[in-house]
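Since the structure comes first, as structure tokens, the remarks are kept for the end.
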Amino acid sequence: MAPQGIRYWIHQCTPPLVMRGLRNLRERLRPVAPEVRANVKLKQRFADRERCFIIGNGPSLKKQNLLLLKGEITFACNFFNLHPQAAEIAPTFYCFGDANTFFAKSINDDLEIDRSEWFSDIVRKNPHAEFIVPYMAKEIIAKKGWFQSQPLWYVLQRGIATELNQASAELDRAIPNGMGTVAAIAIPAALFMGFKKIYLLGCDCNWFVQAMVKEDFAQECAHFYDRNPYIKRESTLTDFGMEIEFKCLSDHFKSLRLLRELAQAKGQEIWNATDGGLLDVFPRISFSSLLPHSPNYDAEKSARLARLT
Numbered sequence: 530m531a532p533q534g535i536r537y538w539i540h541q542c543t544p545p546l547v548m549r550g551l552r553n554l555r556e557r558l559r560p561v562a563p564e565v566r567a568n569v570k571l572k573q574r575f576a577d578r579e580r581c582f583i584i585g586n587g588p589s590l591k592k593q594n595l596l597l598l599k600g601e602i603t604f605a606c607n608f609f610n611l612h613p614q615a616a617e618i619a620p621t622f623y624c625f626g627d628a629n630t631f632f633a634k635s636i637n638d639d640l641e642i643d644r645s646e647w648f649s650d651i652v653r654k655n656p657h658a659e660f661i662v663p664y665m666a667k668e669i670i671a672k673k674g675w676f677q678s679q680p681l682w683y684v685l686q687r688g689i690a691t692e693l694n695q696a697s698a699e700l701d702r703a704i705p706n707g708m709g710t711v712a713a714i715a716i717p718a719a720l721f722m723g724f725k726k727i728y729l730l731g732c733d734c735n736w737f738v739q740a741m742v743k744e745d746f747a748q749e750c751a752h753f754y755d756r757n758p759y760i761k762r763e764s765t766l767t768d769f770g771m772e773i774e775f776k777c778l779s780d781h782f783k784s785l786r787l788l789r790e791l792a793q794a795k796g797q798e799i800w801n802a803t804d805g806g807l808l809d810v811f812p813r814i815s816f817s818s819l820l821p822h823s824p825n826y827d828a829e830k831s832a833r834l835a836r837l838t
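For the sequence shown, this note's numbering gives the first residue as 530, with consecutive numbering after it.
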């Protein structure tokens with residue numbers, strides 16, 4: 530029998546919990562780079578802080594006053610620098626996860642990015658931000674000189690969370706690769722840093738739903754910004770096809786569900802403060818109900834939430 534066949538039958542005959550334990554043991558025994566081990570400095574770094582906010586790039590951000598986040602610990606991702614108040618909000622961390630963020634021709638020529646100008650604008654607007662990036666991008670970041678004046682934290686990803694059926698937030702070791710920047714990088718980082726409550730904004734998770742309903746395969750993916758100056762165009766259903774998009778959407782939701790279960794096991798909470806959208810994995814909460822300086826602040830609800838931990 531071929532080695533591949535042996536591995537297949539071992540996998541089929543071994544109980545899932547045993548396989549998971551073996552994978553965890555293997556990952557603990559595998560060496561990791563010093564840059565990854567250095568993430569231990571992040572562990573419980575904000576254990577004394579009640580909460581943080583993770584900001585996606587969904588179109589719902591246009592309906593929310595993000596200036597209310599000034600003074601909060603925030604994780605931004607991807608093209609948040611295009612938000613008109615990005616410099617005033619000054620995200621604490623910028624997170625990236627997609628290969629296309631750093632590597633040319635990861636998808637196709639139409640979706641190429643002017644990375645140097647994009648990264649320069651982020652640093653120009655947020656000179657004190659820290660960056661959380663995939664370890665696979667370490668060499669190209671050094672070669673191109675991106676973010677060299679900023680603190681850099683490298684996340685090593687091995688295996689796929691949806692296939693392993695588990696998530697991890699131990700950033701000083703390898704973690705399973707999730708789907709989507711927020712799921713793969715920012716949420717595990719926030720859990721690792723010890724925040725009691727994590728609130729999501731701009732995580733609409735409906736990027737191609739309207740295009741599917743209208744059967745418009747050329748409609749570009751919508752975000753909070755109207756036009757991205759660093760790319761020729763946004764992606765469309767034509768770029769990937771329905772089979773891939775449905776699978777990606779399913780994997781994205783499963784990755785987030787695995788992170789919710791991980792947070793619950795650790796005694797931490799993840800809440801969805803996005804205005805609308807399809808994300809049903811986390812309990813909903815109104816963004817304005819969380820902030821005392823908002824005219825819609827709900828003191829009673831805020832106190833109730835505080836008592837949950």
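Each residue gets a CB set at the ideal place from its N, CA and C atoms; glycine is no exception.
Just so you know, these numbers come straight off a predicted model, no measurement behind them.
Beta-carbon gap between residue i and residue j smaller than 8 Å
i: N586; j: H752; result: yes
i: F631; j: T603; result: no
i: K725; j: R813; result: no
i: I670; j: V662; result: yes
i: Y664; j: V569; result: no
i: D780; j: T691; result: yes
i: Y623; j: A666; result: no
i: D639; j: R762; result: yes
i: N735; j: L611; result: no
i: L819; j: A802; result: yes
Inter-residue CB distance, residue i and residue j (contact presumed, cutoff 8 Å)
i: L596; j: Q614; result: 5 Å
i: L730; j: F608; result: Their Cβ separation, rounded to whole angstroms, is 15 Å, which puts L730 and F608 out of contact at 8 Å.
i: G806; j: D701; result: Going by Cβ atoms, the distance from G806 to D701 rounds to 32 Å, so no, they are not a contact pair.
i: A712; j: Q686; result: About 11 Å separates the two Cβ atoms, so there is no contact after all.
i: Y759; j: W647; result: 4 Å
i: A698; j: G707; result: That belief does not hold up - the Cβ atoms of A698 and G707 are roughly 11 Å apart, past 8 Å.
i: A576; j: G723; result: 3 Å
i: T710; j: G600; result: Wrong, their Cβ atoms sit about 24 Å apart, outside the cutoff.
i: L720; j: P705; result: That pair is no contact at about 13 Å.
i: D745; j: Q593; result: Not quite, the Cβ-Cβ distance comes to about 27 Å (not below 8 Å), so this is no contact.
Range of the contiguous beta strand (DSSP E) that encloses residue i
i: P705; result: 704 to 706
i: A862; result: Only positions 530 to 838 of the chain appear in this structure, which leaves residue 862 out of reach.
i: R580; result: 580 to 584
Terminal residues of the alpha helix (DSSP H) in which residue i lies
i: R566; result: 563 to 566
i: E692; result: 690 to 693
i: I799; result: Unbroken run through I799 is the beta strand (DSSP E), 798 to 801; no alpha helix (DSSP H).
i: L720; result: 716 to 722
Check: residue i C-beta below 7 Å from any heavy atom of the ligand FAD
i: S635; result: The ligand FAD is absent from the structure shown, which contains no ligands of any kind.
Stretch-stretch touch, CB-based, cutoff 8 Å, three pairs: the segment 769 to 785 with the segment 703 to 723: yes
Between the segment 670 to 686 and the segment 765 to 785, do at least 3 Cβ pairs fall closer than 8 Å?
no
In chain order, each alpha helix (DSSP H) run of at least 4 residues that lies wholly inside the segment 731 to 773: The segment 731 to 773 contains these whole alpha helix (DSSP H) runs: 738 to 743, 766 to 769.
Below 8 Å, can you find three or more Cβ-Cβ pairs linking the segment 751 to 768 to the segment 787 to 803?
These segments do not touch.
- Message: Taking 8 Å as the cut-off, does the segment 638 to 646 touch the segment 612 to 627 (at least 3 CB pairs, one atom from each stretch)?
- Response: Result no; under three Cβ-Cβ pairs closer than 8 Å.
* Residue ranges of each beta strand (DSSP E) within the segment 609 to 684, 3 or longer -> 622 to 624, 659 to 663, 681 to 684
Three-pair Cβ contact test at 8 Å for the segment 739 to 755 versus the segment 661 to 679: Verdict: no, contact absent.
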